[in-house]
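Trainee:
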Amino acid sequence: MMAETTQTQNVDEKLLEMIGMLTDNMDELKGLLDQIIELKRSGALDSLMLIINRFEEIIQYLFQEPALFRLLSVLMDGSLQAMNKLDAQDIINLKGTIQSLGGCMGKSLNMETLSNAKPVNGVFGLMSALNDPDVRKGLGIAMELLRIMGRCSKQK
Amino acid sequence: MAKKILVLGGGVGGVVAAKKLAERLRGRVDVEITIINDTDYYLLPPLLVNIALGDLDPAQAQLPLSMLGKRGVKYVKAVVTKVDPENRTVETDKGKFNYDYLIASLGVENDFKTYNLGVGYHNFSLEGALKLKEALRSFTGGNVVVFTPEPLYRCGVYPFEIIGQLDTIFKKRGIRDKVNLTLVHPFEKPIQPLGPEAVKITMDVFHNKGINYIGNARPVEVDDKNKTVVLTSDKVKYDLLIVVPPARLPKPFEGTSLVVDTPMGKWTAANVYTGRSPKFDDVYLPGEHSMPVIGLPTAGVPVHFTALASAGAIAGELLGQPIDPAQINAMTCAMDYGELGLMFNCDIKLDMNNNKALWMGSCYSILTSPLGKLIKDVFYKTWLKTTM
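So the protein sequences, as listed, match chains A and B. For the first sequence, my numbering assigns the number 1 to the initial residue and increments by one for each residue that follows. For the second sequence, my numbering assigns the number 157 to the initial residue and increments by one for each residue that follows.
Here it is as structure tokens:
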């Protein structure tokens, strides 16, 4: 009888504590409820629930197809390790190169330009192509890239 | 009459299989699924290290097995003492159970007796993790030795992780300069089965953290009177000893015809694709106790997918549907080296002729970054929360 009374008191105390907590945090709870309703209406909550409910299946698909992991290894881990070898100035220079060269090439490169490219026929064709200063400059850059690649390939 | 499916073990393999079977079969086939485990909770073993290092409360690493009740899976708390496939029965301390299908995933027996490992701390059980937590909390300096006497133990990357994590913890506590960290291990180079890239990263981490690695170690015993790990070629003094117990065959399988002799000891035999016993077509063994035979590591990820494959095979058979085994072609391992997190993937090729999963030497890093720690944390916690 005594034990039952103590148990009832404990339950009542817990209930009072919970009601107190709800009252103290009424504004936050209302805000949270609004956000949950918004998430539900937007469909985001359903997408999240789908991911959670199918987590096991997602992992299974991932583990049955190593291609994604291979891609992550080459692109993500490979690039991250390369980035770790650079210092701040290298990053600024590299970013500048990508911005200038990438921007210009992105604007100039398209299928129309490529499909209209004139074929270089034989040695005379090559000599004729070398009359173009842009081709001469491009070849110079290619030579410089080859020199850098040769130098870097010696390093471990 | 309902088909009786008995699942032994409330760890990763047992729980994953029970859930999958219930999902596939309930309402479609007259079936009774029962899971037997010696505790009334499911505990995700990789989170034991988080408990030992004080990052996680035990309650956050476990789920009550009664949760499977919502899927119609009956749970019995009992200690399995013997598996008897010839008579389709399982003996427990609560009596005998018979079955039409058996899925046994009983993990491994951690051997603390050989080498006198019982005198060291460990986190291969909840109780062990809590004791290690206290020992680390009161440790103020000296020689910490992580002793791994044999190459086959639960979770192959664990010793390499814990030693790195200890460095970080002692740094945070400001006592790193008073601590010597040593890892004693049978591999010549750290984490060798994962291949040269993993070895190089780990050796660099150990070098930067000032961790001593004693490889190729041939163990004799732990001499607790002199607080020394005795090797055939060396003696390593310790003030705090953390041990990694060798994995052995669980006792309920001992002396049964489910077991085969291998160069790595006696283990249960199973089909690499389905986890099915080659001798009994109503017995599936997707537990760590079968991993050495099929060439996979004694760890949660391969057990998880072998259990899914076993459940898929039974469900397919009962439903009269094609069997869709869920075995994997890749196995990812997330590691926490303290400040650094790593994710390694190993491509797996199933060699059906030799019943082996080939993966050694096919591993590569997919992330080497502090972000890897976070991914590991999120992965394991989501894995736990979505298990049942």
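We treat Cβ as the ideally placed atom computed from N, Cα and C, and that holds for glycine. Model, not experiment: these values are computed from the prediction.
According to the neighbour-count rule (16 or more other Cβ atoms, all chains shown, within 10 Å of its Cβ), is residue 352 of chain B buried or exposed?
Mentor: The count along the second sequence starts at 1 and reaches residue 352 of chain B at position 196. Exposed is the call here.
Trainee: Under 8 angstroms Cβ-Cβ, which residues of chain B neighbour residue 80 of chain A?
Mentor: Taking the first residue of the first sequence as position 1, residue 80 of chain A is located at position 80. 523, 524, 525, listed in chain order.
Trainee: Residue ranges of each alpha helix (DSSP H) run of no fewer than 4 residues wholly in the region 396 to 463 of chain B, ordered along the chain?
Mentor: Listed in chain order, they are 447 to 450.
Trainee: Just to confirm my understanding: we take residue 318 of chain B, look at its own chain, exclude 5 residues before and 5 after, and list those with CB closer than 7 angstroms. What are they?
Mentor: The residue given as residue 318 of chain B occupies position 162 in the second sequence. Counting only Cβ-Cβ distances below 7 angstroms, and skipping sequence neighbours, we find 205, 302, 398.
Trainee: Is there at least one Cβ from chain B nearer than 8 angstroms to residue 83 of chain A's Cβ?
Mentor: Walking along the first sequence from the start, residue 83 of chain A turns up at place 83. It does not: the Cβ of residue 83 of chain A has no partner Cβ on chain B nearer than 8 angstroms.
Trainee: Counting C-beta neighbours from all protein chains within 10 Å, is the total for residue 152 of chain A 16 or more, i.e. buried, or is it exposed?
Mentor: For this step, residue 152 of chain A is matched to residue 152 along the first sequence. The residue is exposed, with fewer than 16 neighbouring Cβ atoms inside 10 Å.
Trainee: Per DSSP, what are the beta-bridge partners of residue 528 of chain B in this structure?
Mentor: Reading the second sequence from its first residue, position 372 is the one you call residue 528 of chain B. The partner list for residue 528 of chain B (beta bridge, DSSP) is empty, contrary to what the question assumes.
Trainee: Using 8 angstroms as the threshold, is the region 359 to 371 of chain B in touch with the region 227 to 234 of chain B, meaning 3 or more CB pairs across them?
Mentor: No: the two stretches stay apart, fewer than three of their Cβ pairs being nearer than 8 angstroms.
Trainee: Please say whether residue 403 of chain B and residue 264 of chain B have beta carbons closer to each other than 8 angstroms?
Mentor: Position 108 of the second sequence, counted from the start, is the residue given in the question as residue 264 of chain B. Position 247 of the second sequence, counted from the start, is the residue given in the question as residue 403 of chain B. Yes. Within cutoff.
Trainee: Select from B/405, B/544, B/355 the residue whose C-alpha is nearest the C-alpha of residue 519 of chain B.
Mentor: What you label residue 519 of chain B is simply residue 363 of the second sequence in a count that begins at 1. Here the closest residue by C-alpha is B/355.
Trainee: So if I threshold CB-CB distances at 8 angstroms, which residues from the region 451 to 472 of chain B count as touching chain A?
Mentor: Residues passing the 8 angstroms Cβ filter: 457, 461, 464.
Trainee: Where are the alpha helix (DSSP H) runs, 4 residues long or more, that stay fully inside the region 81 to 153 of chain A, in chain order?
Mentor: Taking only runs of at least 4 residues, the alpha helix (DSSP H) segments lying wholly in the region 81 to 153 of chain A are 88 to 97, 103 to 108, 111 to 115, 122 to 129.
Trainee: What does DSSP give as the partner residues of residue 193 of chain B in its beta bridges?
Mentor: Within the second sequence, numbered from 1, the residue matching residue 193 of chain B stands at position 37. According to DSSP, which records beta bridges pairwise, residue 193 of chain B is partnered with B/233.
Trainee: Measure the C-alpha to C-alpha separation of residue 183 of chain B and residue 471 of chain B and round it to an integer number of angstroms.
Mentor: Residue mapping note: residue 183 of chain B aligns to position 27 of the second sequence, counting from 1. Residue mapping note: residue 471 of chain B aligns to position 315 of the second sequence, counting from 1. So the alpha carbons of these two residues sit roughly 12 angstroms apart.
Trainee: If contact means a Cβ-Cβ distance below 7 angstroms, which residues of the region 40 to 61 of chain A contact chain B?
Mentor: For the region 40 to 61 of chain A, which is checked against every Cβ of chain B, the residues closer than 7 angstroms are 52, 55, 56, 60.
Trainee: If we call anything under 8 angstroms between Cβ atoms a contact, is residue 165 of chain A one with residue 488 of chain B?
Mentor: Summary: the structure shown does not reach residue 165 of chain A, with chain A confined to residues 1 through 156, and so no result is reported for it.
Trainee: Residues in its own chain within less than 8 angstroms of residue 180 of chain B by CB, not counting five upstream and five downstream?
Mentor: Residue 180 of chain B sits at position 24 when you count from the first residue of the second sequence. Excluding positions up to five away in sequence, the list reads 467, 468, 471, 475.
Trainee: Measure the beta-carbon distance from residue 454 of chain B to residue 308 of chain B and round it to whole angstroms, keeping in mind my assumption that it falls under 8 angstroms.
Mentor: Locating residue 454 of chain B in the second sequence gives position 298, counting from the first residue. Locating residue 308 of chain B in the second sequence gives position 152, counting from the first residue. Right, the Cβ-Cβ distance comes to about 7 angstroms (below 8 angstroms), so this counts as a contact.
Trainee: Reducing DSSP to helix, strand and coil, say where residue 343 of chain B ends up.
Mentor: Looking up residue 343 of chain B in the second sequence gives position 187. Three-state DSSP puts residue 343 of chain B in coil, outside helix and strand.
Trainee: Short of 6 angstroms in beta carbon distance, which residues of its chain neighbour residue 412 of chain B, apart from the five on each side in sequence? Order them along the chain.
Mentor: On the second sequence, position 256 is the one that residue 412 of chain B refers to. Once the five neighbours on either side are set aside, the close Cβ partners of residue 412 of chain B are 239.
Trainee: Helix, strand or coil, according to DSSP, for residue 24 of chain A in the structure here?
Mentor: Within the first sequence, the letter at position 24 stands for residue 24 of chain A. Of the three classes helix, strand and coil, the one that applies to residue 24 of chain A here is helix, per DSSP.
Trainee: Which residues of chain B have a Cβ atom closer than 9 angstroms to the Cβ of residue 161 of chain A, listed in chain order?
Mentor: Nothing can be reported for residue 161 of chain A, as the shown portion of chain A is limited to 1 through 156.
Trainee: Mind checking residue 278 of chain B: buried by the 16 CB within 10 Å criterion, or exposed?
Mentor: On the second sequence, position 122 is the one that residue 278 of chain B refers to. Buried.
Trainee: Quick check on the DSSP output: what are the complete alpha helix (DSSP H) runs of length 4 or more inside the region 278 to 337 of chain B, in order along the chain?
Mentor: With a minimum length of 4 residues, the continuous alpha helix (DSSP H) runs that stay inside the region 278 to 337 of chain B are 282 to 294, 314 to 328.
Trainee: Name the residues in the region 483 to 497 of chain B whose C-beta lies less than 9 angstroms from a C-beta of chain A; which are they?
Mentor: Answer set for the region 483 to 497 of chain B: 483, 484, 485, 486, 487, 488.
Trainee: Anything in chain B within Cβ reach of residue 65 of chain A, meaning under 9 angstroms, just list it in chain order.
Mentor: Residue numbering aside, residue 65 of chain A sits at position 65 when the first sequence is read from its first letter. What residue 65 of chain A touches in chain B: 485, 486.
Trainee: Quick one: which chain A residues come within Cβ less than 8 angstroms of residue 430 of chain B?
Mentor: Here residue 430 of chain B refers to the residue found at position 274 of the second sequence. By Cβ distance, chain A contributes nothing, its closest Cβ being about 15 angstroms from residue 430 of chain B, past 8 angstroms.
Trainee: Do you know how far the Cα of residue 244 of chain B is from the Cα of residue 385 of chain B?
Mentor: Residue 385 of chain B sits at position 229 when you count from the first residue of the second sequence. Residue 244 of chain B sits at position 88 when you count from the first residue of the second sequence. Cα to Cα, residue 385 of chain B sits roughly 45 angstroms from residue 244 of chain B.
Trainee: Compute the Euclidean distance between the alpha carbons of residue 494 of chain B and residue 320 of chain B, then round it to the nearest angstrom.
Mentor: The residue labelled residue 494 of chain B in the question sits at position 338 within the second sequence. The residue labelled residue 320 of chain B in the question sits at position 164 within the second sequence. Answer to the nearest angstrom: the Cα atoms are 5 angstroms apart.
Trainee: What residue range is occupied by the uninterrupted beta strand (DSSP E) comprising residue 49 of chain A?
Mentor: Here the question's residue 49 of chain A lines up with position 49 in the first sequence. Counting along the chain, residue 49 of chain A falls outside any beta strand (DSSP E), though it belongs to the alpha helix (DSSP H) covering 44 to 53.
Trainee: Residue 500 of chain B by DSSP, collapsed to three states: which one?
Mentor: Taking the first residue of the second sequence as position 1, residue 500 of chain B is located at position 344. Correct three-state label for residue 500 of chain B: strand.
Trainee: Report the partner residues of residue 240 of chain B according to the DSSP bridge assignment.
Mentor: For the purposes of this step, residue 240 of chain B is identified with residue 84 of the second sequence, where counting begins at 1. Note: residue 240 of chain B sits in a beta bridge opposite B/245.
Trainee: Who are residue 171 of chain B's beta bridge partners in DSSP?
Mentor: As a position in the second sequence, residue 171 of chain B is number 15, starting the count at 1. DSSP output for residue 171 of chain B lists no bridge partner at all.
Trainee: Is the region 253 to 264 of chain B close to the region 214 to 222 of chain B, with three or more CB pairs under 8 angstroms?
Mentor: Contact between the region 253 to 264 of chain B and the region 214 to 222 of chain B is absent, because fewer than three Cβ pairs lie under 8 angstroms.
Trainee: I'd like the list of long-range same chain contacts for residue 511 of chain B, defined as Cβ closer than 7 angstroms, with 5 residues on each side in sequence excluded.
Mentor: Here residue 511 of chain B refers to the residue found at position 355 when the second sequence is read from its first residue. If we look at residue 511 of chain B and ignore the five residues flanking it on each side, its Cβ neighbours are 427, 428, 450.
Trainee: Where do the ends of the alpha helix (DSSP H) carrying residue 357 of chain B lie?
Mentor: Taking the first residue of the second sequence as 1, we reach residue 357 of chain B at position 201. 352 to 365 is the extent of the alpha helix (DSSP H) around residue 357 of chain B.
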